[in-house]
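Numbering (the numbering used here), first residue to last: 1236 to 1351.
Beta carbons: idealized from backbone N, C-alpha and C, even for Gly.
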């Protein structure tokens, strides 16, 4: 899910991928599914642009605005956070060495909150 957010909102200088690359490719993601399910008619027209390889930077910005305005980004971020918390709680109960738990918690946090 973090990769979906980065694919739609990541910065080229950080991710090495063009901004909105996943939007141009039309990748089906939970982020887009939430946005489409919440979008009104005018927002859906903008989301219909997703999947066009000729999507301009301005159009990418419009799609990003719709994703934000529908609350899809916030919902997915909350879901990522909840899943990360669940994973870390489960690690706390696991029969592992403290060193292993520490490393796995760090890994869970990295994959959940990474920027590249």
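- Restricting attention to 1322, 1311, 1342, 1242, the CA atom closest to the CA of residue 1273 is found in 1311.
- Minimum Cα-Cα distance from residue 1344 among the listed residues 1307, 1323, 1308, 1248 corresponds to 1323.
- At a Cβ-Cβ threshold of 8 Å, residue 1326 and residue 1340 count as neighbours.
- Measuring C-alpha to C-alpha distances from residue 1307 to each of 1269, 1236, 1239 identifies 1269 as the nearest.
- For the set 1337, 1278, 1321, the Cα lying nearest the Cα of residue 1301 is the one of 1278.
- Residue 1258 carries a helical assignment under DSSP once its states are collapsed to helix, strand and coil.
- The DSSP-derived three-state label of residue 1282 is helix.
- If you look at residue 1236, you'll find it isn't in any alpha helix (DSSP H); DSSP assigns it neither H nor E.
- In the structure shown, residue 1342 falls within a helical segment according to DSSP collapsed to helix, strand and coil.
- In terms of Cβ geometry, residue 1298 and residue 1281 form a close pair [threshold 8 Å].
- Out of 1338, 1238, 1247, the CA that lies nearest to the CA of residue 1263 is found in 1238.
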